[in-house]
Structures are given as structure tokens and as C-alpha cells.
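Heads up: the first sequence runs through residues 311 to 768, numbered per the working numbering.
Quick reminder that beta carbons are idealized off the backbone N, C-alpha and C, glycines included.
The model shown is predicted, which means the values in this text are computed figures rather than measured ones.
Below you'll find the structure, written out as C-alpha cells, and then a few comments.
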Amino acid sequence: MSQKPTIPKGTRDFGPQQMAKRNFIFKAIKTVFEKYGFMPLETPTMENLSVLTGKYGDEGDQLLFKVLNSGDYLSKASEEEISGGSKSLLPKISEKGLRYDLTVPFARYVVMNQHDLALPFKRYQIQPVWRADKPQRGRYREFYQCDADVVGTESLICESEIILMINEVFAQLGITDYNIKINHRQILKGITEAIGAEGKESEFCVAIDKLDKIGLEKVLKEMEDRGISAEAAQKSVPILELSGSIEEKIAKLKDIFKDSESGKKGLNDLEEILETLKSFELDNNHIDFDVSLARGLSYYTGSIFEVKVNNVSIGSVSGGGRYDDLTGVFGLKGLSGVGFSFGVDRIYDVLEELNLFPTDATTSTEALIVHFDEETKKYGLSVLNQLRKAGIKSEIYPDKAKPKKQFTYADKKNIAYTIVIGSDEMASGNLTLKSMASGQQDQLALDAIIDKITGHNE
RNA sequence: GUGGUUGUAGUUCAGUUGGUUAGAACGCCUGAUUGUGGUUCAGGAGGUCGUCGGUUCGAGCCCGAUCUUCCACCCCA
311 MSQKPTIPKG TRDFGPQQMA KRNFIFKAIK TVFEKYGFMP LETPTMENLS VLTGKYGDEG
371 DQLLFKVLNS GDYLSKASEE EISGGSKSLL PKISEKGLRY DLTVPFARYV VMNQHDLALP
431 FKRYQIQPVW RADKPQRGRY REFYQCDADV VGTESLICES EIILMINEVF AQLGITDYNI
491 KINHRQILKG ITEAIGAEGK ESEFCVAIDK LDKIGLEKVL KEMEDRGISA EAAQKSVPIL
551 ELSGSIEEKI AKLKDIFKDS ESGKKGLNDL EEILETLKSF ELDNNHIDFD VSLARGLSYY
611 TGSIFEVKVN NVSIGSVSGG GRYDDLTGVF GLKGLSGVGF SFGVDRIYDV LEELNLFPTD
671 ATTSTEALIV HFDEETKKYG LSVLNQLRKA GIKSEIYPDK AKPKKQFTYA DKKNIAYTIV
731 IGSDEMASGN LTLKSMASGQ QDQLALDAII DKITGHNE
């Protein structure tokens, strides 16, 4: 008995229909990225472990997929190291790992090529990444990230452009009801100062990030669990419950941040981003200033954002922020950057849930040639050649088969037209064009058929 | 990593306290139609019940291990 094939946990195949839909998303994202002056970059699937480890925290290191050294990978390890467990053995048997995200390889690339790059450097990168996580719904061990980053400038125009790009991508995808939540790490720092919890920033961030998930009371408890005084936690309540328009929230915070340089800086940045956007005449920029937005990644130092589509069961579909020292760990100091990422898998689920995939995203072949015998099949080949010369996606049923079988094939593959060639058609030169959707058939010369199919596309 | 959960036909699922030959729907194949798909009708194929071991006269059902699925926590896209 042959064994049943399987794929590794947390990985997926993408069939033709899925790929058509995924490509629809990728195309929209790529088009927009390039329109804003971002250039494509690809980096290797594998990086040296020295590049990857220590960049994502202890948890992150555990989630790295490591690649065994080639050949006799145990030969360099001593008895002692083998008996010492995985910690001492690992560096001896593995030197490479699969990329965990696109940001670190990007930073590595920038440092390695710093003398050749025109700064500011704008790149986009669409590639799979791997995490040895436990899979769940919407969480895989292999998934795609679509990153766009700018390094080498502190200009807030970049932030504004990110907002514009998100708006443009979503417009192309047909998503209309969504919020771009924005906040600023300096504002969060300002809040910790204002409530008397200086230096507890990261604890504060971890706690409030869960606000919409677990509610205010549990967040306050979490703050206390993480070493923030009950008094300070209480003082944050009015800030977290801020309401009103963006301008009103900013005005209220300005008052609270009288003595906080960080807080003021954050608010100024935010105002400048909003001001810059006014030059671009958006009807609705979808921005929502949310002081409870924190985002886990600790390397963010400036603005941060996250996109949530409303009325769907899916979490955030995009996010990003500004980091001051991304390349510092690789020895290149003082390079500020800002970047963001689209989560393709989640966008896919959103489009599916809202039924927003256009029907032509899934059509494949436009015309199938149906024949009856060797002679008509041969005649069909020259017809096929003409169709393809005219740019029509077309194919001929390769085997001799009953028409029923050939039509069923066209039906299953969702092919729009069939062109039937029998002895009558061969004799007259007028072929039978059948529209599979309506079932209507017409006797037409090949030129007329080509006109009709291509005309239908325009 | 912690705790729970699932596994029966290609797919979604039934399957009685452990008792003969494991079912349905959809899908698939063939025919009704030797030049016509989607609808209809008739027929057919398809399962070592996740895997290995144990209990039993007897296991899809009970027990153990393992893999797998999904969920919560942690963390994250």
C-alpha cells in the first residue's frame, strides 16, 4: 500500500482558484507600492543564524526554524556538547535558519549595501516567512508578508504616504469600511510620565494593547500585575477613555502633557501627519487616533498604526510604525525608518467574508476548442494558433473524447466560450461559438469569433 | 511552551449499553443523449473507521501511546 502524502503542520497548498485570488491581492499591493516609489527587494530564504538570533527576544529565538548543517552535521560536535543538551549542541550543528520576518533581512541588506544605496531607500518585499509556532486559525508556520519600508529619513511625509497607500490598496480591493488606528510611542511615553509610571512603558504597552480584547478592568489588573501602582493605573483611566474627534483628543492631551517633552513631540508628529494629508484631497482618510494602540514590537519608537476592517471576524490586516535604530544591531547607527506590512492571508479572508473578489479574478481559459476526430482536432490546432496570436487565453482538449466530456471540462474550469469544430464547420469555415454561461450558439467565421471574444473583454 | 479538543468514503458528517455485511448527502464515473456542459432520471465505483499496541468470545465504539485537526493561554501576521 502506498502511503498517503501530507504537508507539514501549518503549511498550505494554494490551488489555481486560490492563487488567482491571492494574485489579485498581490497585484493591488505591488501596483500601489511602486506608484509611491518603492523598489522590489528579495532576500534569501535562509539567513545565517547569527543574523536572526537575538532580534526577536527569547520567545522569537525559539520560534526560528533552524537548518541542519550539510553532510555529517554531528562531526563538529563533541561528546560533551551532545550530552549538554540542545542549547550547547545547536550552534555546532546548525548555522542557518529560515527567515522569521522581512524587516531583519532588510536591515541586514541595508547595512551590507550602505555605500551603494541612495538614501532615503524605499523598498518593498513580498516573500514568505517561517515561524515554528503552534498553528491555529489564521496562524500558520509559513505565511507571506508584504512589507514596505523607508530608511534614511525622519520626514513625516513617509507616515502620511503610508496612510495614503493603505487607502489606495483598500480602494483597489473594494474594502470601504475600515479604520486606520494611529498612535505614537512618544504619546504612550508621555502618558506613563503623566500618570507617574515612568520607565514602565513596555509594561504599560503590553497591558493596554489588550484593551479592546479583555476590557478596562482586566487591563488595570494586568498593569498592577506588571508592577504599575494601582494609583497610576487609575490615573490612566480618563486618558484611555478619551473620546471625540482627533482634534479634540489632541487638544485634551496637550493639556495633560504640559510637562512631558515626549508627549508633546508625539502630538506634534501626529498633527504634522494629518496636516500633510490635507494636500492629497482624501474624502475620508479612515484615520482613528487610538491612545490604547501599542503594538507588541518593541523596536517601534515613533508613530505606530494598525488597520482593522469593520464588521468582519478577522483581526488587524495591516500594521507598522517608525523605528529609530533598526540597523544599529548590525553596526549602522542613527538610521531612522518607517515601515508597514499587509497581511495577505487575513486580507484574503476579509475579501472572502465580504464577498469582494471580482468574478474575473478566477476566470482562467477564455476559450476551449471542442473537436470530434483526428481531422477536426488537427484543424482545431490552427484555430488555436490564431486565437493565441490574438491574445486570447485558449486551449484545445488534448484527447479524443466525447463532446460531453469536453463540455464538462469547460464547465468545471469555468471557461467562458467553447468553439465547436466538426465536419460541417470545417467545410464551411464557419465555426460554432458557444457561450457557456447563456448556452447560446452562433455560426461565425474565425475573425468574427476573435472579435467577439476580445470585444467582450474590453 | 501550558491546558483542552478532533480524527469514519474525494468532501461534510451520521453510526444505539461493545454484537452479523459501517450509512447519508454532496462530489466522482457510466448510461438515458454516436454533435453539446450546468437541470432531471437510472445505475456504479469508492472505507485495514488516523497509526501502533492492549482489554474482550467479539472493538468504529473501551484503555494506552503516537501523529493529526481545531480551540484557549502565551505570543504574533
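- The beta strand (DSSP E) runs lying completely inside the region 605-676 and spanning 3 residues or more are 613-619, 628-633, 647-652, given in chain order.
- Secondary structure note for LYS406: its beta strand (DSSP E) is the uninterrupted segment 404-408.
- Sixteen is the threshold: when 16 or more other Cβ atoms of the shown chains lie within 10 Å of the Cβ of ASP655, as they do, the residue is buried.
- A distance below 8 angstroms separates the beta carbons of ASN477 and ASN595.
- The C-beta distance from VAL601 to LEU526 rounds to 13 angstroms, too long to fall under 8 angstroms, and the pair is not in contact.
- For the pair LEU466 and PRO548, the Cα-to-Cα distance works out to about 29 angstroms.
- Between the region 616-635 and the region 397-406 there are fewer than three inter-stretch CB-CB distances shorter than 8 angstroms, so the stretches are not counted as touching.
- Membership of PRO438 in the beta strand (DSSP E) is indicated by the continuous run 431-440.
- Contact between VAL680 and GLN716 holds: their C-beta atoms lie close to 5 angstroms from each other, under 8 angstroms.
- Using a Cβ distance threshold of 8 angstroms, GLY506 and ALA542 count as a contacting pair.
- The continuous alpha helix (DSSP H) containing GLU558 extends over residues 556-566.
- Between GLU513 and the set LEU498, ILE497, GLN496, ARG536, the nearest pair of CA atoms involves ARG536.
- In this structure, ILE485 is the residue among ILE485, ALA458, ALA387 with its C-alpha nearest to the C-alpha of PHE667.
- With respect to GLY647, VAL414 sits apart: the two C-beta atoms are not nearer than 8 angstroms.
- For TYR689, the secondary structure class from DSSP, reduced to helix, strand or coil, is helix.
- The alpha carbon of LEU661 has as its nearest neighbour, out of THR341, PRO401, TYR488, the alpha carbon of TYR488.
- Under the three-state reduction of DSSP output, VAL601 falls in the coil class, being neither helix nor strand.
- Looking only at LEU642, ASP709, GLU503, the smallest Cα-Cα distance to LEU678 is reached by ASP709.
- Distance from LYS376 to GLU391 at the Cβ level is roughly 15 angstroms; contact not present, criterion being Cβ atoms closer than 8 angstroms.
- Cβ contact annotation for LYS319 (same chain, cutoff 7 angstroms, sequence separation greater than five): PRO445, ARG451, in chain order.
- In the DSSP annotation of this structure, the continuous segment of the beta strand (DSSP E) that includes THR742 starts and ends at 740-745.
- Take ILE566, set aside five residues on each side of it, and the residues of its chain with a beta-carbon closer than 6 angstroms to its own are ALA504, in chain order.
- Put simply, of LEU642, PHE650, THR764 the residue whose alpha carbon is nearest the alpha carbon of HIS425 is LEU642.
- When rounded, the separation of the alpha-carbon atoms in ASN620 and LEU359 is 39 angstroms.
- The DSSP-derived three-state label of GLU508 is coil.
- For LYS376, the pairing in a beta bridge is given by DSSP as GLY407.
- DSSP places TYR419 in the helix class (H, G or I) of the three-state scheme.
- Closest in C-alpha terms to TYR610, from the list CYS515, ASN724, THR363, comes CYS515.
- In the three-state scheme derived from DSSP, where H, G and I count as helix and E and B as strand, GLU352 is classed as coil.
- For LYS545, no beta strand (DSSP E) segment is defined; the enclosing uninterrupted segment is the alpha helix (DSSP H) at 540-550.
- In the three-state scheme derived from DSSP, where H, G and I count as helix and E and B as strand, ASP535 is classed as helix.
- Contact between LYS520 and GLU511 is ruled out by a C-beta separation of about 16 angstroms, above the 8 angstroms threshold.
- If you look at GLU390, you'll find it in the alpha helix (DSSP H) that goes 389-393.
- With a beta-carbon spacing of about 35 angstroms, LEU530 and ASP457 fall beyond the 8 angstroms limit used to define contacts.
- Secondary structure at THR728: strand, using DSSP grouped into helix, strand and coil.
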